[in-house]
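Q: The structure under discussion is supplied below as structure tokens; questions concerning it will follow.
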Amino acid sequence: MAHLTDQEIAAQADIKPIEGIAEKAGIPHDALEMYGKYKAKVDIHKIEGNEKQSKVVLVSAMNPTPAGEGKSTCTVGLADAFNQLEKNVMVALREPSLGPVMGIKGGATGGGRAQVLPMEEINLHFNGDLHAITTANNALSAFIDNHIHHGNELNIDPRRITWKRVLDMNDRALRQVVVGLGGPTRGVPREDGFDITVASEIMAVLCLASDIIDLKKKLADIVIGYTYDREPVTVGQLEVQGALALLLKEAIKPNLVQTMEGTPALIHGGPFANIAHGCNSLIATNTARKLADIVVTECGFGSDLGGEKFMNIKARKGEFAPDAIVLVATIRALKMNGGVAKKDLGEANVDALKEGIANLEKHIENARKFGIEPVVALNDFVTDTDEERDFVLNWCKDQNVRVSLTKVWEKGGEGGKDLAEKVLEVLDEPQNFKHLYENELPIDQKIEKIVTEVYGGDGVIFTDKAKKQLAEIDRHGWGDFPVCMAKSQYSLSDDPTLLGRPTGFKVTVREVVAKAGAGFVVALTGDIMTMPGLPKVPSAVHMDVDADGNSKGLF
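See below:
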């Protein structure tokens, strides 16, 4: 299998008609809206409301590296392992964005024998959800410019429009643009810009809404800019929340697919974790909680980003608590955090492991800070040596942390059974979940608490612009929102070059933006971008399609 790509392995899988997967999950046939043979939308209103006492397992990780850690692979493999142990389980994942798929990452559906299917269709235009979000976002931009063109009754200051257009692609050339050029019939000229679709507040709103009515309310609360008197202007004032919700009425329904081993999977929503909250939709997670005894879900990047936001934003708004946390680690990532260059990661280096394991140690502390006992999944790679494996396994045991050598890429669910059994041990124990902060804490103090307690920093430096924005946030009554940190995923700090477990650093917050529709405040740090760029050699150059429509090179 080693010489096969993930896409080739997926192509050999025995994929089952989605009706059978739905029946296994307890989803009635009349709740299915078919998208071909192997995908379906789920009408959540046609699912019986018997609330299960389900257990939620969150899969997080240490800080990622360009070498790849396989978090989605471990998430899928863990769910398949529970399935093999005859547990009633579902997996809930985020949807891939075409930006990373075509950029540096490639496909985002797991790997090896631990994948969700059909991987090609999930990675490319999956049921149109991201296109619907793109359309709704850009329709709002059109409504804003049209309102100004036709007299600007709301007194919107074109210089203070905060709403940007979006595109589901990495395109640095669109970060700053000018619209409305060409004379009076073309609109009012103003500066604008594009974010990537997964950074759109509409994506966050869709992922945090409980149903279409709640979605409409959250859309109405979105602030699109400010008047000449510096008062916020909302979608509700433009009276277009109904139209936007109409564009999203299919996208809000979660998508049912399957793993290679036939475990039911809901894939829905895809906010990035370094610039948004990084979790799949509440609707998908709560639907899985109704249907399964165990729900395996993931959050983006490490416990400092997606993990922290899952606890303080998603779990808070969803009013549930995770029952176990799995932290994915690899020997390659540990060595890179110990100072080894990417090109040398295939060489054995226990000394670098001893340095880099401090990064994993901090993520273990973070899980316990939220009152949840973690399980470390050491995701096995063929380049790992027995000496390196033994060092990590013994170190974890010395820290009184459950650890499992996980081989789901190679063996699927069979390679994750030991991990599943250790997670079951945690699920049988009472946990003491708690949020890091209360909503009433001022925004600057929430940020300070995240930086000092989750990142291990010494404090926060707020730019003058950020200080002014904090004052405005308080003035407009948004001070009780949770915080969504926009930060580099590669480091616990806001400097992506500071690997391992840095100390003595401060995080600079350059901008603080209220997302009143989503109900959180975004703190932008470092040089984090909301519209990524493509690498010098994007993954797209390795992709192709043959005369029969078969794709290749996705991953």
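All letters in the sequence shown, in the order written, are residues 92 to 646 by our numbering.
Virtual Cβ for every residue (Gly too), placed ideally from N, Cα, C.
Predicted model, so just to flag it, every value in this text is computed and none were measured.
Within its chain, find whatever has a CB closer than 8 Å to the CB of Thr34; leave out the 5 residues flanking it on each side and keep chain order.
A: What is shown of the chain runs 92 to 646, which leaves residue 34 out entirely.
Q: Report, in whole angstroms, the separation of the C-beta atoms of Asn229 and Val257, which I expect to be a contact under 8 Å.
A: About 7 Å; that satisfies the 8 Å criterion.
Q: Could you say which of Lys308, Ala383, Leu265 lies nearest to Glu177 if we only look at CA atoms?
A: Ranking Lys308, Ala383, Leu265 by Cα distance to Glu177 puts Ala383 first.
Q: Please specify which runs of the alpha helix (DSSP H), each continuous and at least 4 residues long, are wholly inside the stretch 322-399, giving them in chain order.
A: 326-329, 332-338, 373-382
Q: Using C-beta distances below 7 Å, list every residue in its chain close to Ile366, excluding the 5 sequence neighbours before and after it, in chain order.
A: Ala290, Ala577, Ile619, Thr621
Q: Where do the ends of the alpha helix (DSSP H) carrying Ile538 lie?
A: 534-540
Q: Per DSSP, what kind of secondary structure is Ile287 in: helix, strand or coil?
A: strand
Q: Between the C-alpha atoms of Ala356 and Val182, what's the straight-line distance to the nearest angstrom?
A: Straight-line Cα distance between these residues: approximately 5 Å.
Q: Helix, strand or coil, according to DSSP, for Gln663 in the structure here?
A: No information on residue 663 is available, as it lies outside the stretch 92 to 646 that the chain covers here.
Q: Give me the DSSP bridge partner(s) of Gly32.
A: The structure shown does not extend to residue 32, since the chain spans only 92 to 646, so no value can be given for it.
Q: Please work out which residues of its chain come closer than 7 Å, Cβ to Cβ, to Asp585, disregarding the five sequence neighbours upstream and downstream, and give them in chain order.
A: Lys578, Ser579, Val598, Thr599, Thr616, Gly617
Q: With H, G and I counted as helix, E and B as strand and the rest as coil, what does DSSP make of Thr200?
A: coil
Q: Exposed or buried, what is Asn485 when buried is set at 16 or more other beta-carbons lying within 10 Å of its beta-carbon?
A: exposed
Q: At which residues does the alpha helix (DSSP H) containing Thr166 begin and terminate?
A: 162-175
Q: Where does Val494 fall in DSSP's three states?
A: strand
Q: Quick one: grab the DSSP three-state call for Lys132.
A: strand
Q: Quick one, are the C-beta atoms of Thr166 and Val314 less than 7 Å apart?
A: no
Q: What's the C-alpha gap between His222 and Ala432?
A: 38 Å
Q: Kindly indicate which three-state DSSP category Val506 falls into: helix, strand or coil?
A: In the sequence as displayed, the identity of residue 506 is Gly instead of Val. Note: Gly506 maps to helix in three-state DSSP.
Q: If we require 4 or more residues per run, which alpha helix (DSSP H) segments fall completely within the stretch 412-440?
A: 422-428
Q: Helix, strand or coil for Asp635, going by three-state DSSP, please let me know.
A: strand
Q: Between which two residues does the alpha helix (DSSP H) holding Asn228 run?
A: 220-240
Q: On the CB-based measure, 16 or more other CB atoms within 10 Å of its CB, does Arg185 come out buried or exposed?
A: buried
Q: With distances taken between CB atoms, is the gap from Gly429 to Gly409 smaller than 7 Å?
A: no
Q: Report the rounded CA-to-CA distance for Pro209 versus Asn346, giving the unit in angstroms.
A: 12 Å
Q: Please classify Gly506: is it buried, with 16 or more other beta-carbons within 10 angstroms of its beta-carbon, or exposed?
A: buried
Q: Exposed or buried, which one is Asp519 when buried takes at least 16 other CB atoms within 10 Å?
A: exposed
Q: Which residues in the same chain have their Cβ closer than 6 Å to the Cβ of Met92, if we skip the five residues on either side of it in sequence?
A: Annotation note: pLDDT 49 at Met92 (below 50); position unreliable, coordinate value reported separately. Closer than 6 Å at the Cβ level, and outside the excluded window around Met92, lies no residue.
Q: Find the nearest neighbour of Arg493 within the set Ala104, Ala420, Leu583, judged by alpha-carbon distance.
A: Ala420
Q: What residues in its chain sit with their C-beta under 7 Å from that of His633, if we drop five residues either side in the sequence?
A: Gly644
Q: Since Ala183 is in the alpha helix (DSSP H), which residue starts that stretch and which ends it?
A: Counting along the chain, Ala183 falls outside any alpha helix (DSSP H), though it belongs to the beta strand (DSSP E) covering 180-184.
Q: Using a Cβ-Cβ cutoff of less than 7 Å, which residues in the same chain neighbour Pro157 once the five nearest sequence positions on both sides are dropped?
A: Take Pro157, set aside five residues on each side of it, and the residues of its chain with a beta-carbon closer than 7 Å to its own are Lys433, in chain order.
Q: Could you name the residues of the same chain whose beta carbon sits closer than 7 Å to that of Asn174, not counting the 5 residues immediately before and after it, in chain order?
A: Val180, Glu352, Thr354, Gly504
Q: Where Gly397 and Asp555 are concerned, what is the direct C-alpha to C-alpha distance, given to the nearest angstrom?
A: Distance between the alpha carbons of Gly397 and Asp555 is about 28 Å.
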